[in-house]
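Those protein sequence lines, which keep their order, are chains A and B. Using this note's numbering, the final residue of the first sequence is 277, and nothing's skipped along the way. Using this note's numbering, the final residue of the second sequence is 291, and nothing's skipped along the way. Glycine included, every Cβ here is placed at the ideal spot set by N, Cα and C. Note that this is a predicted model, so its numbers are computed, not measured.
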Amino acid sequence: MSAHSPLLSLKDVSKGFFGLQVITDVSFDIAAGARMALIGPNGAGKTTIFNLISGVYTPDKGQINFAGQEISLVPSRKRIGLGLARSFQNIRLMPHLSVVENIMLGQQSQAGGLLSMATPLMGRSRWRREAEDLLARMNLETYPGEVVATLPYGIRKKIEVVRALASNPKLLMLDEPAAGLNPNETASLRDFLMGISEAGTTILIVEHDMGLVRSLCDQAIVLNFGRKIYDGLTRDVQEDPLVLEAYLGSRHAQENAHA
Amino acid sequence: MSGYWAGILSILAINIIFAYGIFIPVASGQLNLGGAGFQAVGAYSAGWLSASFGLPVSVTIAFGIIVTGVIGVLIAFPILRTKGVYLVLATFAFAEVIAGAILSSEPLGGAMGISVPGYIDWYVSVIFAGLVTVFVFYLMATRFGLTIRAIHDDEDVSDLMGVSVRNVKVAAFGIGAALTGLSGGLYAHSFSYIEIQGFNALVSIYVLLYVLLGGTQTAWGPLVGATFFTLLPEALRSVLPATKNFLVTLFGETGIVAPPDESWRFVILGALTVLMMVFRPEGLVTRTMVERLQFWRPVSRGVTQ
């Protein structure tokens, strides 16, 4: 990959469901090392964009390029191995697995192969040690053996980020990582993500907490009704007339009444 | 050892292996209600080979395992395209097809059944049950076991994590079928006679109950479930007549409610099953329970920042 080509690039991507157009001609680039926010009112299509990038959906039209490769038709299962990892808006950890087992599941694309499937993941396993180290870096070392279903919300939220990280991704996509976290937890999440970014991982987050967006992300993309309405520096986003209109609804107040 | 206890131990060992055969696909979220069909394939493969060619037991049982495993993998591809209750019905239908085919097959004895030479003592089955238990515990501790349990919890996220969901499900189904085939082969040689009526839908239901009531989250579940539900009816067999005699001496024969006698065994078993489903829907042995019972915990690695 040349220094100039972006890590992720969407070109005229559209997606509809049963005649309802959800994403219309969205294009954007994310440079390697960027910290990008994807924002917009509820229903703007942010999570759909995540699902298109991670392969849950196939675009009706357009191209998605990642690390110099067209990935629109790559099966979702293989994308994490290319370096695309994500978290989910509603926590989707495996409730009956322990914390460390969830993280080891996140390593699946790294482990690969038939032989690794037959290898036990007990105390001395390299994978378990790596998973525990990763948890420790997130200050979660007291939890590895606990079954996820029994843990509080904020902790599970963090574990989901760590699970995505366990695949050693080039691009980390987080869907509302700060939702439901208190200000202290959000601050520690911010510092943690900053650390990941400094280590070279590109970050794309969907987030409603503008404090986190401003302090973490240098760039932002704003979606409204499935179209891109802003693509630029985060610090200017709140002065953009289209963005103000989307959120405050100067002319489209009725359409945005419940946004 | 008395013949009675030898019989009980054989059945217990066979039921444990059978339960593990059903457990592995169930642990990946695939309910298999065709257990008796797979067991019949194993039993008839081994029994037929033994009766027709007089081959040694080790060969016939291995043959039963292979045939059942291969059939398991082959039908897994179409059958695992169905989900939930449809999968349950598909596996159930498979067992009915097997039963129908064997019933109308002359070489396999049809409704008459076949006598199986090559008798094996109870301890052979017990040794196999031990080996299978160790094997399943090992399997559940591997990455394969991890992916099985992950698929049980959330197939779509497992896929996004890079798990080849279909391959893992097919492998789980195939390994489970092979173990079920082993239980069938052991059955054929332990009881020297097999008839297809012995592999009916009730057998499939019972073995699924062993697994579901024992607990599907850990390898302890089927062991506890199969043991409990194999031994309980036997225990009730002597407890119930004693209770009846006791009540009769207290109230006389003319009580309004007939005191429970031996025939009440299955009433009690049924009531217990309902109670279990109400109070412990995740089974007798759950993951959290095993965690709590672990006295030795791996020493915390004490990582400091």
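Same chain, Cβ closer than 7 angstroms to residue i, neighbours up to 5 away in sequence not counted
| i | result |
| --- | --- |
| residue 285 of chain B | Any reading at residue 285 of chain B needs caution, since the residue's pLDDT is 44, under 50, leaving its predicted position unreliable; the model's value is listed next. Once the five neighbours on either side are set aside, residue 285 of chain B has no close Cβ partner at all. |
| residue 46 of chain A | 28, 239, 246, 249 |
| residue 49 of chain A | 24, 25 |
| residue 63 of chain A | 40, 41, 241, 244 |
| residue 287 of chain B | Low local confidence applies: a pLDDT of 41 at residue 287 of chain B is under 50, so the model's placement there is unreliable, with the coordinate-based value given in what follows. Counting only Cβ-Cβ distances below 7 angstroms, and skipping sequence neighbours, we find nothing. |
| residue 271 of chain B | 200, 201, 204, 206, 207, 210 |
| residue 33 of chain A | 40, 41, 66, 70, 75, 77, 78 |
| residue 219 of chain B | 251, 255 |
| residue 49 of chain B | 31, 32, 35 |
Per-residue contacts from residue i into chain B (C-beta, under 8 angstroms)
| i | result |
| --- | --- |
| residue 183 of chain A | Within chain B, no residue comes near residue 183 of chain A; the closest Cβ sits about 12 angstroms away, beyond 8 angstroms. |
| residue 165 of chain A | 273, 274, 277 |
| residue 168 of chain A | 274 |
The beta strand (DSSP E) enclosing residue i, as first and last residue numbers
| i | result |
| --- | --- |
| residue 191 of chain A | 189 to 193 |
| residue 33 of chain A | 26 to 35 |
| residue 39 of chain A | 38 to 48 |
| residue 56 of chain A | 53 to 57 |
| residue 82 of chain A | 79 to 84 |
| residue 222 of chain A | 220 to 224 |
| residue 250 of chain A | 245 to 251 |
Alpha helix (DSSP H) segment containing residue i, residue limits
| i | result |
| --- | --- |
| residue 171 of chain B | 151 to 177 |
| residue -6 of chain B | -11 to 13 |
| residue 228 of chain B | 206 to 237 |
| residue 240 of chain A | No alpha helix (DSSP H) holds residue 240 of chain A; the beta strand (DSSP E) holding it covers 237 to 242. |
| residue 145 of chain B | 141 to 146 |
| residue 30 of chain B | 21 to 39 |
| residue 185 of chain B | Neither: residue 185 of chain B is in no alpha helix (DSSP H) and is coded neither H nor E. |
| residue 175 of chain A | 171 to 183 |
| residue 96 of chain A | 94 to 100 |
| residue 255 of chain B | 251 to 265 |
| residue 42 of chain B | Here residue 42 of chain B belongs to no alpha helix (DSSP H), and DSSP marks it neither H nor E. |
| residue 106 of chain B | Counting along the chain, residue 106 of chain B falls outside any alpha helix (DSSP H), and DSSP gives it neither H nor E. |
Same chain, Cβ closer than 8 angstroms to residue i, neighbours up to 5 away in sequence not counted
| i | result |
| --- | --- |
| residue 109 of chain A | 171, 174, 175, 178 |
| residue 275 of chain A | With a pLDDT of only 46 at residue 275 of chain A, under 50, the local geometry of the prediction cannot be trusted, and no value is derived from it. |
| residue 152 of chain A | 121, 180, 183, 184 |
| residue 97 of chain B | 89, 181, 182, 183 |
| residue 67 of chain B | none |
| residue 118 of chain B | 2, 3, 6, 165, 168 |
Contacts that residue i makes with chain A (C-beta to C-beta distance below 8 angstroms)
| i | result |
| --- | --- |
| residue 148 of chain B | 95, 96, 98, 99, 126, 127, 130, 185 |
| residue 266 of chain B | Chain A residues near residue 266 of chain B: none, gap ~15 angstroms exceeds 8 angstroms. |
| residue 135 of chain B | 112, 114, 115, 119 |
| residue 124 of chain B | 138 |
Chain-ordered neighbours of residue i on chain B, where CB pairs are closer than 9 angstroms
| i | result |
| --- | --- |
| residue 117 of chain A | What residue 117 of chain A touches in chain B: nothing, since even the nearest Cβ is about 12 angstroms away. |
| residue 72 of chain A | 146 |
Residue of the options minimising C-alpha distance to residue i
| i | options | result |
| --- | --- | --- |
| residue 170 of chain B | B:87, B:38, B:2, B:122 | B:2 |
| residue 234 of chain A | A:241, A:218, A:205 | A:205 |
| residue 189 of chain B | B:166, B:53, B:73 | B:166 |
| residue 166 of chain A | A:160, A:120, A:156, A:185 | A:120 |
| residue 194 of chain A | A:87, A:168, A:223 | A:223 |
| residue 8 of chain B | B:30, B:100, B:164 | B:164 |
| residue 200 of chain A | A:216, A:159, A:180, A:230 | A:230 |
| residue 74 of chain B | B:191, B:55, B:277, B:208 | B:191 |
| residue 138 of chain A | B:103, B:88, B:130 | B:130 |
| residue -3 of chain B | B:110, B:261, B:229 | B:110 |
| residue 148 of chain B | A:265, A:101, A:90, A:53 | A:101 |
| residue 260 of chain B | B:83, B:198, B:172, B:124 | B:198 |
| residue 44 of chain B | B:114, B:65, B:5, B:85 | B:114 |
| residue 97 of chain A | B:251, B:225, B:143 | B:143 |
| residue 105 of chain B | B:26, B:174, B:267 | B:174 |
| residue 216 of chain A | A:89, A:31, A:188, A:118 | A:188 |
| residue 102 of chain B | B:236, B:33, B:82 | B:33 |
| residue 69 of chain B | B:249, B:155, B:51 | B:155 |
| residue 141 of chain A | B:128, B:92, B:112, B:122 | B:128 |
Contact set between residue i and chain A, taken where Cβ atoms lie within less than 9 angstroms
| i | result |
| --- | --- |
| residue 259 of chain B | The premise fails here: residue 259 of chain B is roughly 22 angstroms from chain A at the closest Cβ pair, so nothing lies under 9 angstroms. |
| residue 251 of chain B | Correct list: empty, because the minimum Cβ distance to chain A is about 34 angstroms. |
Contacts of residue i in chain A (Cβ-Cβ under 7 angstroms)
| i | result |
| --- | --- |
| residue 119 of chain B | Those within 7 angstroms of residue 119 of chain B in chain A number zero; the least Cβ separation is about 16 angstroms. |
| residue 132 of chain B | 119, 122, 123, 139 |
| residue 203 of chain B | 114 |
Residues that residue i contacts on chain B, provided the C-beta gap is smaller than 7 angstroms
| i | result |
| --- | --- |
| residue 137 of chain A | 128, 129 |
| residue 110 of chain A | 140, 143 |
| residue 134 of chain A | 129 |
Sequence-distant residues of its chain with Cβ nearer than 6 angstroms to residue i (five each side left out)
| i | result |
| --- | --- |
| residue 219 of chain A | 190 |
| residue 212 of chain B | 1, 2, 5, 196 |
- Message: Does the region 70 to 77 of chain A come into contact with the region 109 to 126 of chain A, if we say contact requires no fewer than three beta-carbon pairs (one atom in each stretch) closer than 8 angstroms?
- Response: In short, these stretches do not touch, since the Cβ pair count stays below three.
- Query: Is the number of C-beta pairs between the region 32 to 51 of chain B and the region 133 to 144 of chain B that are closer than 8 angstroms three or more?
  - Reply: These segments do not touch.
- Item | Sufficient close CB pairs (3 or more, under 8 angstroms) joining the region 81 to 101 of chain A to the region 249 to 259 of chain A | Counting C-beta pairs with one atom in each stretch, the region 81 to 101 of chain A and the region 249 to 259 of chain A have fewer than three that are closer than 8 angstroms, which means they do not touch.
- Message: Assess contact between the region 57 to 64 of chain B and the region 149 to 160 of chain B, defined as three or more Cβ pairs (one per stretch) separated by less than 8 angstroms. Is contact present?
- Response: Three or more beta-carbon pairs separated by less than 8 angstroms link the region 57 to 64 of chain B to the region 149 to 160 of chain B, which places the two stretches in contact.
- Do the region 74 to 84 of chain B and the region 15 to 26 of chain B make contact, defined as three or more Cβ pairs closer than 8 angstroms? Using a Cβ-Cβ distance cut-off of 8 angstroms, the region 74 to 84 of chain B and the region 15 to 26 of chain B are in contact, since at least three pairs of beta carbons, one from each stretch, lie closer than that value.
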